[in-house]
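Taking my numbering, the leading residue of the sequence shown gets 21, the next gets one more, and so forth. All remarks here apply to the structure that follows.
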Amino acid sequence: MSSPFHPPSFPSVAEVIRRLEPSYPVFCVFPDILRERARTFVEGFPGTVLYATKCNPHPYVLRALHESGIDHFDTASISEIAKVTEQFPDAHCYFNHPVKGRGALEAAADVYGITDYVVDHPDELDKLVSIAGTDITVEVRIATPKGKAVYDLSAKFGASPDDAVALLKKAKDYGCRTAIAFHVGSQCLDPEAFRVAMGMAKKVADEAGVPLEYLDVGGGFPASYKQDVAPLQTYFDVIADAKQKLGIDVPLYGEPGRALVAEGCSVLTQVHLRKGDDLYINDGIYGCLSEIRDGDLDPPVRAVRKDGPVDGALRPFRLFGPTCDSLDVLKLPFYLPENIREGDWIEFGLMGAYSIGMQTGFNGFVTDTIVRVDGMHEEFTA
Ligand SMILES: Cc1ncc(COP(=O)(O)O)c(C=O)c1O
C-alpha cells in the first residue's frame, strides 16, 4: 500500500512511463541519491548538519535524509516543526525564522519544547523571551554580503554588526544562551563567502563578549545546475579552515537545503500540445518549476517516448505551463529533439529543491503524484 511515507516504487523513470503512462505530472524521488548526499554532508561538513525543511518538506524526502543520519532540522513555521516531530519524535528542531507570530511562539515553546530561536531585532527578542522564557538559545542572525549567490538572503533579514552586538548583549542580560547565525545566500557560487561571513561573526562575537553555544553558518551550498560549481568538499574545507584560522572555538552548525536534495528528485511532465516550437506541458511556474523563472536556474532535461527515446537533433523550444496565465512560461529555451510531439514526456532533473513545496495550486494544477525511483537517474540530454 502506498502513502506519503511509502510512495509506490519503480526501478526507473522509463518504467514509471511504461506502467502509468501519466498524463499528469509526476514527482520522482530517488532515495539512493538523497541518502548519498546526506552522507556527504554528515561525513564532510565540519559540524552538525540541520536540514532546511522548507527546501522540500515531503515526508518521504525527510525520511530518506533522516535514515542517513540527519536528525537536526531548520524549521520556519509550526507546520514544519509539526511535520518533523510527528515523523521523528527525537529530532531537534530549531525555529530559525527571524519573525514569528505570538501564537507560533507559544506552540513552539509549550507544545514542541523548542529551545533554539533566531532573532534579528530587539523587539523580536522581547517578544520571544516574554513567551518562551529565558532557558533558550537565542541565535542572532547577522546580514552578510550577497557575493556570488543567486538569491540574496540578507536583503530581508539580518542585523548589522553593531545591532548584532547589542542584541547578543541583551540576550545575555536576559539570561539566555547565545549563538550567531547567517545565510550567505542560496546557490552561493563562491566558497570564500563563508570565510567572509565567519570573519564577520567572529568580530561580532568578540565585541559582544558573550559566550556562544554555536555558530550556524546557514545554507547556500550549491547544486550543479548549468553553472560553474565548486565541489561541496571545497566549501567544507574553506569552512573548516576559516574556523581554525579565525580561532572560532565553538561548534559549527550548517543548514543546507538545496545541495542536499536538488539532485535526488526529478519532475516528469507530458507534452499536451505542440505549436511549432512552443510546447504546452503540464507543470509550470505556479507548480514545481518556479525557480526556472525566479532564479534563472537551468535544470537538465530529456525527452522520452513510451517505447524509447525521442529522435531528432536537439533544438530550442519554448515551454508553457498548464495554467491560463500568459506568465506561465519558462524563461529559458530548452533543447529537445526536433521530433518531440504531443504525448511525449519531458523529465526535468535537479528538481528536489524549492519545487514541490512551492506549488500554488493555481487553476487546480498540482503535482501531487509522488513515486520512488530506485537507483540512479537516466542520462539527461541537455
Ligand atoms: C534560514 C535558512 N536556512 C537555510 C536555508 C537553506 O538554504 P539553501 O537551500 O540555499 O541551502 C534557507 C533558505 O531559504 C534559510 O532561509
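Glycine included, every Cβ here is placed at the ideal spot set by N, Cα and C. Only a predicted model underlies this, so the values are computations on that prediction, with no experimental measurement involved.
{"Query": "Residue from GLY332, GLY274, PRO353 and TYR300 whose Cα sits closest to the Cα of ASP345", "Result": "TYR300"}
{"Query": "Heavy atom of ligand 1 within 8 Å of SER88 beta-carbon", "Result": "no"}
{"Query": "7 Å Cβ shell around ARG313 - same chain, five flanking residues per side excluded", "Result": "ILE305, LEU350 and LYS351"}
{"Query": "Burial state of GLN264 (16 or more Cβ within 10 Å)", "Result": "exposed"}
{"Query": "Three or more C-beta pairs below 8 Å linking the segment 160–171 and the segment 199–207", "Result": "yes"}
{"Query": "Beta-carbon gap between TYR114 and ASP146 smaller than 9 Å", "Result": "no"}
{"Query": "The segment 175–194 contacting the segment 237–246, beta-carbon criterion three pairs below 8 Å", "Result": "no"}
{"Query": "Proximity test, GLU100 beta-carbon vs ligand 1 heavy atom, cut-off 8 Å", "Result": "no"}
{"Query": "Own chain residues within Cβ distance below 7 Å of PRO211, not counting five before or after", "Result": "ALA250, THR254, TYR255 and VAL258"}
{"Query": "Among MET220, ASN76 and GLY123, the one whose alpha carbon lies nearest that of MET371", "Result": "ASN76"}
{"Query": "TYR234, enclosing beta strand (DSSP E) - first and last residue", "Result": "232–236"}
{"Query": "Cβ-based burial, ALA175 [other Cβ within 10 Å; buried from 16]", "Result": "exposed"}
{"Query": "Secondary structure of ILE134, DSSP reduced to three states", "Result": "coil"}
{"Query": "Straight-line gap, CYS196 to ILE156 (C-alpha atoms, nearest Å)", "Result": "6 Å"}
{"Query": "Cβ-Cβ distance between ALA102 and LEU125 below 9 Å", "Result": "no"}
{"Query": "For TYR255, three-class secondary structure by DSSP", "Result": "helix"}
{"Query": "CA-to-CA distance, ALA213 to GLU311, given in whole angstroms", "Result": "22 Å"}
{"Query": "Segment contact flag, the segment 26–40 with the segment 372–383, C-beta cutoff 8 Å, min 3 pairs", "Result": "no"}
{"Query": "MET396 burial status per 10 Å Cβ neighbour count (16 or more: buried)", "Result": "exposed"}
{"Query": "Rounded separation between ASP394 and GLY229 - CA only", "Result": "51 Å"}
{"Query": "Heavy atom of ligand 1 within 8 Å of GLY315 beta-carbon", "Result": "no"}
{"Query": "Local conformation of LEU334 per DSSP, three classes", "Result": "strand"}
{"Query": "Which of helix, strand or coil DSSP assigns to SER29", "Result": "strand"}
{"Query": "Distance cut-off 8 Å: PRO231 Cβ against heavy atoms of ligand 1", "Result": "no"}
{"Query": "HIS92: first and last residue of the uninterrupted beta strand (DSSP E) it sits in", "Result": "92–95"}
{"Query": "Check whether ASP364 and VAL324 have beta carbons under 9 Å apart", "Result": "yes"}
{"Query": "Beta-carbon proximity of PRO320 to THR401, cut-off 9 Å", "Result": "yes"}
{"Query": "Inter-residue spacing [alpha-carbon to alpha-carbon] between PRO357 and PRO276", "Result": "35 Å"}
{"Query": "Candidates TYR234, ARG392, VAL149 and VAL131, of which the one nearest SER99 by Cα", "Result": "VAL131"}
{"Query": "Alpha carbon of PRO24 to alpha carbon of ALA169, nearest angstrom", "Result": "33 Å"}
{"Query": "Pairwise C-alpha distance: LEU347 and LEU232", "Result": "47 Å"}
{"Query": "Identified DSSP bridge partners for CYS208", "Result": "ALA169"}
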